[in-house]
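Following: one structure in structure tokens, then a few remarks.
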Amino acid sequence: MYRNILLATDGSVASKNATSHAIGLADLHDAMLHVLFVVDSDVYSAYSGDEYVDEREGPEHGLEEVGEEALAAVRKRAADRGVEVLEELRHGRPHEEIVEYADEEGVDLIVLGTRRHPEEYRSLLGSVTDRVVRLADEPVTVVKTEVE
44 MYRNILLATD
54 GSVASKNATS
64 HAIGLADLHD
74 AMLHVLFVVD
84 SDVYSAYSGD
94 EYVDEREGPE
104 HGLEEVGEEA
114 LAAVRKRAAD
124 RGVEVLEELR
134 HGRPHEEIVE
144 YADEEGVDLI
154 VLGTRRHPEE
164 YRSLLGSVTD
174 RVVRLADEPV
184 TVVKTEVE
């Protein structure tokens with residue numbers, strides 16, 4: 044049923060269950076697992092100077108390091124299940140890059156994680172997951188993660 048599955052990850056706790064789900068589906072369907080991390084250009088362009096992100100110098104470089112770590116973590120988990128992975132780190136607006144990558148690579152399914160945010164947060168900032176669900180031509184599976 045699925046030949047190419049895209050897991051879009053941000054390396055956060057919200058991606059944890061989505062990662063397990065995507066790896067399980069790829070294993071079940073003997074599919075290629077594409078893993079995408081998008082360095083949000085809106086985040087790093089909003090800062091100037093030598094600010095630090097998670098103790099890393101400069102927001103853009105810090106976010107790239109977070110992305111590399113997130114991709115490596117998924118790669119390791121997938122290898123433990125014998126699932127082949129294609130990794131990509133891109134810069135841009137996450138929802139746009141996810142939809143564009145899915146279209147370019149002929150993805151059959153997009154898997155995203157989400158966690159509950161206060162209503163005020165969602166109404167002000169929106170959600171990458173909400174935007175991908177609205178914009179993608181491909182089926183999208185949203186995997187919820189409860190954060191304690």
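Following our numbering, the numbering of the sequence shown begins with 44 at its first residue and continues without gaps.
By construction, the Cβ of each residue, glycine as well, lies at the ideal position given by its N, Cα and C atoms.
Quick caveat: nothing in here was measured; it's all calculated off a predicted structure.
Environment of residue i [buried if 16+ CB atoms lie within 10 Å]
{"i": "G125", "result": "exposed"}
{"i": "P56", "result": "Sequence check: residue 56 is Val here, not Pro. So V56 ends up on the exposed side."}
{"i": "G105", "result": "buried"}
{"i": "L68", "result": "buried"}
{"i": "A74", "result": "buried"}
{"i": "L152", "result": "buried"}
{"i": "L129", "result": "exposed"}
{"i": "A115", "result": "exposed"}
{"i": "A122", "result": "exposed"}
Cβ separation of residue i and residue j, assumed to be a contact under 8 Å, to the nearest whole Å
{"i": "G6", "j": "V109", "result": "Here the chain covers residues 44 to 191 and nothing more, so residue 6 does not appear."}
{"i": "V117", "j": "T52", "result": "6 Å"}
{"i": "L79", "j": "A65", "result": "Going by Cβ atoms, the distance from L79 to A65 rounds to 11 Å, so no, they are not a contact pair."}
{"i": "V185", "j": "T157", "result": "5 Å"}
{"i": "E131", "j": "V150", "result": "With 8 Å as the limit, E131 and V150 do not qualify as a contact, their Cβ atoms being about 12 Å apart."}
{"i": "E127", "j": "L71", "result": "14 Å between Cβ atoms; not a contact."}
{"i": "V154", "j": "A61", "result": "5 Å"}
{"i": "R120", "j": "V81", "result": "Actually they are not in contact, since the Cβ atoms of R120 and V81 sit about 20 Å apart, beyond 8 Å."}
Residues bridged to residue i (per DSSP)
{"i": "D83", "result": "G135"}
{"i": "N47", "result": "M75"}
{"i": "T184", "result": "V154"}
Coarse secondary structure for residue i, derived from DSSP in three states
{"i": "L167", "result": "Unreliable positioning characterises L167 in this predicted model, as indicated by a pLDDT of 46, which lies under 50. The coordinate reading is nonetheless provided below. Reduced to three states, the DSSP call for L167 is helix."}
{"i": "G105", "result": "helix"}
{"i": "T52", "result": "coil"}
{"i": "E111", "result": "helix"}
{"i": "V126", "result": "coil"}
{"i": "A179", "result": "coil"}
{"i": "E189", "result": "coil"}
{"i": "G149", "result": "coil"}
Contact test: residue i Cβ vs the ligand MG heavy atom, cutoff 6 Å
{"i": "R174", "result": "The ligand MG is not part of this structure, which contains no ligands at all."}
Pair every Cβ in the segment 77–86 with every Cβ in the segment 133–145, then say whether three or more of these pairs are closer than 8 Å.
Contact holds between the segment 77–86 and the segment 133–145, because three or more Cβ pairs, one in each stretch, are under 8 Å apart.
Counting pairs of Cβ atoms below 8 Å between the segment 109–120 and the segment 146–160, do you hit three or more?
A contact is defined here as three or more CB-CB pairs under 8 Å, and the segment 109–120 fails this definition with respect to the segment 146–160.
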